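Here the numbering used here is used: the first residue of the sequence shown is 3, the next is one more, and so on.
From the three backbone atoms N, C-alpha and C, an ideal C-beta is built for every residue, glycine too.
Fair warning: this is a prediction, and the values are worked out from it, not measured in the lab.
First up is the structure itself, then whatever we jot down about it.
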Amino acid sequence: MAPSQNPAGRITRRAAITTIASVGVLSVAGCLGSDDDGLSGTIDASGSNTVAPITSWAGENFENEYPNVLVDVAPEGTGAGFQEFCRANSDYQSASRMITEDEVDLCSENDVNYGFLEVGLDGLSVVKNSENDWVDEITLEELKLIWEFEATGEVTRWSDVREEWPDEEMQLHARDSASGTFDYFTREINGEIGNVRDDYSATSQTNEIMAAVADNEHGFGWGGLGYLREIEDDQPIEAVPVESDVDGEFYLPTQENIEEGLYSPLARPLFAFVNLASLEERTDLIGSFARFYTNDAQEFARDEGFYAAPDAVTEENHEKIDEWLEAVGASPDDLTVQRA
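Listed below in structure tokens is the structure:
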């Protein structure tokens with residue numbers, strides 16, 4: 003089934019996610035909750051490093067309610083995650099972009115039918131070191147000039163971008179090619195997924211990008227906004243106002259600008275894909291987590307430094323879950339978790 007086109011402790015939690023992700027899978031096991039209500043088992047969630055904090059926070063809350071459930075989150079990146087998901091090796095797939103045609107084909111080859119939920123909104127932050135007093139704003143064309151493949155070895159100094167900027171070498175940091183954030187940025191800014199210079203410092207971990215920029219006056223990069231929000235009050239790093247393709251003005255990635263659609267094109271929806279075979283085989287477990295996630299997705303997103311999808315999206319997500327249940331011969335009444 004192709005997709006329809008239609009409180010404290012949070013910082014520590016994400017830091018744990020990104021640290022453990024470098025060596026494998028994060029297993030989040032809640033130790034609180036009610037007595038066994040019949041839900042038990044493991045939910046495997048692959049995918050986006052960006053979306054992992056939302057899915058992990060949802061998973062932890064779910065485990066607190068149902069202590070016989072384990073939600074394993076493997077934040078290896080959207081692209082790498084889809085390679086697992088489309089080979090039927092995970093139940094959920096967090097994604098910071100929509101599935102690509104090649105991934106649709108891979109899912110089809112492996113008879114993986116799926117649906118998706120929209121679980122929040124994110125902004126990609128373009129970041130500089132706070133000692134940088136020359137980049138007050140940046141145009142979309144200048145971002146392309148810096149980051150497209152043709153810039154490799156050619157656009158290396160600030161003065162290559164604007165003559166009045168210092169004749170000093172830029173230190174560039176950004177996500178690697180396994181990332182949905184990488185795919186989104188390169189498509190929206192450079193015109194094609196994968197069109198990017200090959201001489202920047204690439205990493206699968208957004209916290210490493212932010213730390214590197216905060217550590218060097220000439221540091222410059224981009225990554226998920228939530229990670230900037232965690233360190234900007236304590237580290238010398240800040241967002242750069244970016245030109246909007248809506249009205250040509252320059253905007254920071256604030257909640258208002260993102261939710262009003264002004265921080266464009268660097269604002270995007272975030273997704274959770276669901277393997278419908280997993281739903282059919284373990285209807286109550288997989289379906290109840292989808293319902294639980296949807297019930298409080300707005301809260302989970304905001305708790306983790308992202309932005310909430312509109313109420314209409316929440317309702318659409320619930321309708322999708324109902325349709326998936328019908329498709330696998332079940333009904334909403336079969337789920338332990340009902341609509342809030």
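Cβ of residue i within 7 Å of Cβ of residue j?
i      : j      : result
Glu210 : Asn131 : no
Thr52  : Thr188 : no
Phe96  : Ala54  : The residue asked about is misnamed: residue 96 is Ser in this sequence, not Phe. Yes.
Tyr309 : Leu123 : yes
Asn115 : Phe151 : no
Ser290 : Leu327 : no
Val121 : Leu230 : no
Ile56  : Phe273 : no
Gly117 : Val276 : yes
Leu227 : Ser127 : yes
Asn192 : Lys146 : yes
Glu171 : Arg159 : yes
Glu190 : Pro267 : yes
Glu306 : Trp149 : no
Near residue i, which residues of its chain fall below 8 Å by C-beta distance, leaving aside the five closest residues on each side in sequence?
i      : result
Tyr265 : Gly125, Val244, Ser246, Tyr253, Leu254, Pro255, Thr256 and Asn259
Ala180 : Glu78, Gly79, Thr80, Gly81, Ala82 and Ser206
Ser42  : Tyr68, Asn70, Val71 and Leu287
Arg89  : Leu108, Asn112 and Val114
Thr133 : Note that residue 133 corresponds to Glu in the displayed sequence, not to Thr. Counting only Cβ-Cβ distances below 8 Å, and skipping sequence neighbours, we find Glu219 and Pro238.
Thr285 : Leu327, Val330, Ala332, Asp336 and Leu337
Once the 5 residues before and after residue i are set aside, which same chain residues still bring their CB inside 6 Å of it?
i      : result
Trp136 : Trp167
Ala342 : Asn297
Asp200 : Thr154
Gln300 : Ala310
Asp162 : none
Ala204 : Asp178
Leu142 : Glu245
Val330 : Leu281 and Glu282
Val27  : At Val27 the pLDDT is 37, less than 50, meaning the model places this residue with poor confidence; the figure from the coordinates comes in the next sentence. Asp74 and Ala76, listed in sequence order.
Val315 : Glu120
Asp185 : Arg99 and Ile195
Ser36  : Residue placement at Ser36 cannot be trusted, given a pLDDT of 42 that sits under 50; what the coordinates show is reported in the next sentence. No residues qualify anywhere along the chain.
Asn319 : Leu119 and Thr296
Pop quiz: residue i and residue j are said to be a contact at Cβ under 8 Å. What is the actual Cβ separation, rounded to whole angstroms?
i      : j      : result
Glu105 : Ser48  : The pair is not a contact, with the Cβ atoms about 12 Å apart (cut-off 8 Å).
Phe64  : Val71  : 6 Å
Ser98  : Arg270 : 7 Å
Pro238 : Ala216 : 5 Å
Gly225 : Gln173 : The Cβ separation is near 15 Å, so there is no contact.
Gly223 : His175 : 4 Å
Val248 : Glu139 : Between Glu139 and Val248 the Cβ distance is about 15 Å, and since that is not below 8 Å, they are no contact.
Among residues of its own chain, excluding the 5 on either side of residue i, which ones have a beta-carbon nearer than 7 Å to its beta-carbon?
i      : result
Ile323 : Gly289, Ala292, Arg293 and Thr296
Glu325 : none
Val339 : Ser290, Arg293 and Phe294
Arg304 : Ala310
Val73  : Val30, Ile45, Ala47, Gly61, Phe64 and Glu65
Arg164 : none
Ser333 : Leu327
Val157 : Leu147, Ile148 and Val163
(request) Scan the segment 37 to 124 and note each continuous alpha helix (DSSP H) run of 4 residues or more that stays entirely inside, going in chain order. (result) Counting only unbroken stretches of 4 or more residues, the alpha helix (DSSP H) elements lying wholly within the segment 37 to 124 are 54 to 67, 80 to 87 and 103 to 111, in sequence order.
(request) Mind listing, in chain order, the continuous beta strand (DSSP E) runs of no fewer than 3 residues lying wholly within the segment 166 to 227? (result) Listed in chain order, they are 173 to 177, 203 to 205 and 221 to 226.
(request) Please go through the segment 265 to 296 and give each complete beta strand (DSSP E) segment of 3 or more residues, from N-terminal end onward. (result) Secondary structure in the segment 265 to 296: the beta strand (DSSP E) runs of 3 residues or longer, each lying completely within the stretch, are 269 to 277 in chain order.
(request) May I have a chain-ordered list of the alpha helix (DSSP H) segments no shorter than 4 residues that lie completely inside the segment 229 to 264? (result) Segments of the alpha helix (DSSP H) lying fully in the segment 229 to 264: 257 to 261.
(request) Scan the segment 134 to 169 and note each continuous alpha helix (DSSP H) run of 4 residues or more that stays entirely inside, going in chain order. (result) Here the runs fully enclosed are 142 to 149.
(request) Could you tell me which uninterrupted alpha helix (DSSP H) segments, each at least 4 residues in length, are contained entirely in the segment 294 to 330, listed from first to last along the chain? (result) Qualifying alpha helix (DSSP H) stretches, in chain order: 299 to 305 and 313 to 329.
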